[in-house]
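Input: a single structure, listed below in structure tokens.
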């Protein structure tokens, strides 16, 4: 009996200490005091301005506001007979509690309001893991092109590897939904920086709610549309330059379009519906010719000969020799490690009844590119091209039961496809028919014809269902429970 009681106490303590992991929201908690006596004030209305969320203080002056999306807010505390106070610049982070206390003075002049600016503590007392949160403002200020660059800037992370682990040991979440590709457990698709509200990077001591996470967790919250129309458009051009033209021959000088990117966003309310239904859209296209070039001395196909591929010579002195008759190219310099990517996102956010919300988020990504192969330096069209195509549909319903409890229901479908080939049809007549001639080349030399016979294709499809229930049971204890179901194909 005593052992059961000890286990129960330990479990209760653990529940109280565990933060609401995998959530996409944070909370504000604190106390409202009488500035004259230092005692707690009951019945004070604490409201997060610009939202429908708020709370009233208890008999000791304590309050808690749950279910706040990450961002910067202004919080107002008011009570009849006291001067209202507004604290601006209150930062809410994913899975963390922002402590905010008020001191209200008795009202001297009617209509007077005190405005102060919030400051964050140097030590986050409720943070028990190695966690870093990066806001959209910080993303804009950093010299990075993708959120993966931000991840690599964190302590313990090297080229996507957390604490020496493998890339496939990291759990990636977008709006609370796990989005790892089941094929290699890598991130299934790209979320652009201009669409990210906040990204949380956890490199250790995360709890069991993060399924299939062994090395780290990357938790991304995407932006919502606001009450006003906003947009952005960015573009840049550039190229690689080097004086070592003997090692990196290109046959041309620096080109301003050697690498370029165009990206933009548009957000606001859906016409006629106001803040009840808002949208956020983003798009990005990037092209990079790379810095490794080949020269088209020969073509992948062979010249027109009686057998269309080669000439067999028998001079009587040895076994018959197969002599390649290559098709000559135009000697143009061709990029051999080029890449291009196009991404698009559209998110709809609807306010239903009370503080309940419904969001629909769609993402699409297409990629093309080649991996450099030095043996095909003079036959650059003989290396395969890699094609990627992925999409994701996310639906989230957030239902608020009261000031202390809410439920999240999430459904997701995402598909990821990769193809790699020189010619799409495996039976294309341009492929060499004779196995001995597919990649014929002199010893210790370059391929003078033919093509890589690589022909790869895969499709993965994942369906996810997840339910989370969160409740602030007491002032110091928050309980969260849930279930997650995945189906792969």
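Numbering (the numbering used here), first residue to last: 34 to 522. Beta carbons: idealized from backbone N, C-alpha and C, even for Gly. Because the structure is a prediction, the values reported are computed rather than measured.
field: Beta-ladder partner(s) of residue 431, from DSSP
entry: Under DSSP, residue 431 forms a beta bridge with 390 and 441.
Bridge-paired residues (DSSP) for residue 233: Residue 233 is bridged to 166 and 252.
message: Between which two residues does the alpha helix (DSSP H) holding residue 183 run?
response: Segment 180 to 185, the alpha helix (DSSP H) holding residue 183.
query: What is the DSSP secondary structure of residue 240, counted as helix, strand or coil?
result: Residue 240: coil per DSSP, three-state reduction.
Under the three-state DSSP convention, the category residue 98 falls into: Here residue 98 sits in strand by DSSP.
task: For residue 501, count neighbouring Cβ atoms within 10 angstroms of its own Cβ and tell me buried if that reaches 16, exposed if not.
output: Under this definition residue 501 is a buried residue.
- prompt: Quick one, which of 507, 304, 118 and 202 has its alpha-carbon nearest residue 247's?
  reply: The shortest Cα separation from residue 247 among 507, 304, 118 and 202 belongs to 202.
Limits of the unbroken beta strand (DSSP E) element including residue 416: Element bounds for residue 416: n/a, residue is neither H nor E.
- prompt: How many angstroms separate the CA atom of residue 427 from the CA atom of residue 173?
  reply: So the two alpha carbons sit approximately 25 Å from each other.
Residue closest to residue 165, alpha-carbon to alpha-carbon, out of 236, 98 and 118: Residue nearest to residue 165 within the set 236, 98 and 118 is 236 (criterion: CA-CA distance).
query: Do residue 92 and residue 135 come within 8 Å of each other at the CB atom, strictly closer than that value?
result: Their beta carbons are not under 8 Å apart, which means residue 135 does not touch residue 92 by this criterion.
task: Measuring alpha carbon to alpha carbon, tell me which of 463, 219 and 251 ends up nearest residue 486.
output: That would be 463, whose Cα lies nearest to the Cα of residue 486.
query: Nearest-angstrom Cα distance between residue 508 and residue 424?
result: Whole-angstrom Cα-Cα distance: 42 Å.
message: Distance check for residue 318 and residue 223, CA to CA, integer angstroms please.
response: CA-CA distance, residue 223 to residue 318, rounds to 12 Å.
- prompt: Does the beta-carbon of residue 146 have 16 or more other beta-carbons within 10 angstroms, so that it is buried, or is it exposed?
  reply: An exposed status is given to residue 146, since fewer than 16 other beta-carbon atoms sit within 10 Å of its beta-carbon.
task: Per DSSP, which residues does residue 449 bridge with? Please list them.
output: Beta-bridge pairing links residue 449 to 423 and 493.
query: Could you give the residue range of the beta strand (DSSP E) that holds residue 315?
result: Residues 307 to 321.
query: If you drop the 5 nearest sequence neighbours on each side, which residues of the same chain put their C-beta closer than 7 Å to that of residue 88?
result: Around residue 88: 79, 96, 97, 98 and 436.
field: Within 8 Å, strictly: CB atoms of residue 129 and residue 107
entry: Against a cut-off of 8 Å, the Cβ pair of residue 107 and residue 129 comes out as no contact.
- prompt: Would you say residue 334 and residue 361 are within 8 Å of each other, going by their C-beta atoms?
  reply: Cβ atoms of residue 334 and residue 361: not closer than 8 Å.
- prompt: Does the distance from the C-beta atom of residue 374 to that of residue 400 stay below 8 Å?
  reply: Result yes, Cβ atoms of residue 374 and residue 400 sit closer than 8 Å.
- request: Give me the Cα-Cα distance between residue 412 and residue 240, rounded to the nearest whole angstrom.
  value: Answer to the nearest angstrom: the Cα atoms are 52 Å apart.
- request: Would you mind reading off the limits of the beta strand (DSSP E) that contains residue 69?
  value: First-last for residue 69: undefined, no H or E at that position.
query: To the nearest angstrom, how far is it from the Cα of residue 186 to the Cα of residue 363?
result: Each residue's Cα considered, the two are about 44 Å apart.
message: Closest to residue 230 by C-alpha separation, out of 104, 204, 511 and 211, would be which residue?
response: Here the closest residue by C-alpha is 104.
- request: Find out if the Cβ-Cβ distance for the pair residue 488, residue 465 is shorter than 8 Å.
  value: No.
message: Assuming the contact rule is C-beta atoms closer than 8 Å, residue 94 and residue 117 should be a hit. Round their C-beta distance to whole Å, please.
response: Not confirmed; about 16 Å, so no contact.
- prompt: From the DSSP output, which residues share a beta bridge with residue 501?
  reply: In the DSSP secondary-structure assignment, residue 501 is bridged to 441 and 515.
query: In terms of alpha-carbon separation, which member of 378, 406 and 388 lies closest to residue 398?
result: It is 378.
message: For residue 506, which residues in the same chain have their Cβ closer than 6 Å to its Cβ, ignoring the five residues on either side in sequence?
response: Excluding sequence positions up to five before and after residue 506, its CB lies within less than 6 Å of the CB of 512, all in the same chain and listed in chain order.
field: Other residues of its chain near residue 520: CB distance less than 6 Å, five sequence neighbours each side excluded
entry: Within its own chain, the residues whose Cβ lies closer than 6 Å to the Cβ of residue 520, once the five positions on either side in sequence are excluded, are 496, listed in chain order.
task: Note the first and the last residue of the continuous beta strand (DSSP E) segment covering residue 118.
output: Taken as a continuous stretch (DSSP letters only), the beta strand (DSSP E) holding residue 118 covers 118 to 125.
- request: Determine the burial state of residue 371: buried for a count of at least 16 other Cβ atoms within 10 Å of its Cβ, exposed for fewer.
  value: Burial state of residue 371 is buried, judged by a 10 Å Cβ sphere holding 16 or more other Cβ atoms.
- request: Give the secondary structure of residue 128 by DSSP, where H, G and I count as helix, E and B as strand, and everything else as coil.
  value: DSSP places residue 128 in coil when its eight states are reduced to three.
query: What number of angstroms, rounded off, separates the C-alpha of residue 34 from the C-alpha of residue 210?
result: For residue 34, the pLDDT reaches just 43, beneath the cut-off of 50, and the residue's location in the model is therefore unreliable, leaving the point undetermined.
query: On the premise that residue 255 lies in contact with residue 380, defined as a C-beta separation below 8 Å, what is that separation, rounded to the nearest angstrom?
result: Residue 380 to residue 255, Cβ: 6 Å. Contact.
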